[in-house]
Every structure is written in C-alpha cells, then in structure tokens.
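The working numbering puts the first residue of the sequence shown at 427, with every later residue one more than the last. Backbone N, C-alpha and C define an ideal beta-carbon position, used for all residues, glycine too. Quick caveat: nothing in here was measured; it's all calculated off a predicted structure.
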Amino acid sequence: MRKLPVLFLLAMLVAQESDPAFSIEVRPRVMDKNRVYVVVQLENRSGKRITHLEGFISKMNAQGRRAAQRRIQMILRSDPDLAPNQTVSRGLHYPLKGNEIPEYVFEISKLKFFGDQRIYTYHPAAGFIRID
Numbered sequence: 427m428r429k430l431p432v433l434f435l436l437a438m439l440v441a442q443e444s445d446p447a448f449s450i451e452v453r454p455r456v457m458d459k460n461r462v463y464v465v466v467q468l469e470n471r472s473g474k475r476i477t478h479l480e481g482f483i484s485k486m487n488a489q490g491r492r493a494a495q496r497r498i499q500m501i502l503r504s505d506p507d508l509a510p511n512q513t514v515s516r517g518l519h520y521p522l523k524g525n526e527i528p529e530y531v532f533e534i535s536k537l538k539f540f541g542d543q544r545i546y547t548y549h550p551a552a553g554f555i556r557i558d
C-alpha cells in the first residue's frame, strides 16, 4: 500500500522534469528583397521571475552548421521582470541573399532570476546550469 504514493510522487517528478522551462519560437519574416526580420518569441515556463535574459540567434547553412551568430538581449534593463507564463519578443534584421530563407535558431546564453545574484545558462536537456 505504501508503494503507490511513492510511485505517484516519482511519476510527478519525472513529468515536471520533462516539461521545458521555456517555449522558444523563431520566425523569419521577409521585409523586402534584401532583408529578413527574425523574431524570437520566448515564454517563461520556469515558475520564477527572470530579471535578465540574453542569447544568440544563429543562422544555419545548408549543411546544418552555424554560418553567423548574433547576440540579442531579450530583457533590457528598462523592461519589467519576465513573470511566469509571460512572453517576450525581440528581433534582428539579417541580409537576404537569393530567394531561399535560411533556418535560424535561438539559444539562451545568460539569465538571472529575481532575488538571485547568480548567473545561469539553460539547455533543454540539462536544464539550468550555474555559470558565475
């Protein structure tokens, strides 16, 4: 009889760990024949308030390797904290060569939580990693 609550608790822990802390969507928008505006939309599912968040938008080539990488700050100093279940969007312009739109990927490089002076990075498989 005692095994059932323990199994239930373990199932809940596994279910919480598989849920990603962020929902990230990258959408390229063609502005004109020469420019693409890449919009990154990030939803905070971590359950904590975030005061600082930045990362890199990587442009991928046809072989799946990074062709270019640019830093983008998702939460600026003048912005309010990103509360749980809130969304923030930012974008960058890239030159467009040819008719084919390349693939873009966003990766979080640095973040800080409200009330915590430590700096973390985030990886979908590993979770939050302290880097300071």
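**Prompt:** Less than 8 angstroms separating the beta-carbons of Phe482 and Glu451?
**Reply:** Cβ distance not < 8 angstroms, so Phe482 and Glu451 don't count as in contact.
**Item:** Straight-line gap, Ser484 to Gly541 (C-alpha atoms, nearest Å)
**Value:** 31 angstroms
**Request:** Taking 8 angstroms as the cut-off, decide whether the C-beta atoms of Phe554 and Ile476 are in contact.
**Result:** no
**Message:** Can you tell me whether Gly517 sits near the ligand HEM, meaning its C-beta is under 7 angstroms from at least one heavy atom of the ligand?
**Reply:** Questions concerning the ligand HEM fall outside what the structure shown contains, since it holds no ligand whatsoever.
**Request:** Return helix, strand or coil for Phe540, following the three-state DSSP convention.
**Result:** Collapsing the DSSP output to three states places Phe540 in coil.
**Message:** Does the structure place the region 461–481 close enough to the region 508–527 that three or more beta carbon pairs sit under 8 angstroms?
**Reply:** Yes: at least three Cβ pairs fall under 8 angstroms.
**Message:** Among the candidates Asp458, Phe448 and Val462, whose CA atom is the shortest distance from the CA of Asn470?
**Reply:** Phe448
**Item:** Presumed contact (8 angstroms Cβ cut-off) between Ile498 and Glu526, rounded CB distance
**Value:** At roughly 23 angstroms, the Cβ-Cβ gap does not stay under 8 angstroms, so Ile498 and Glu526 are not in contact.
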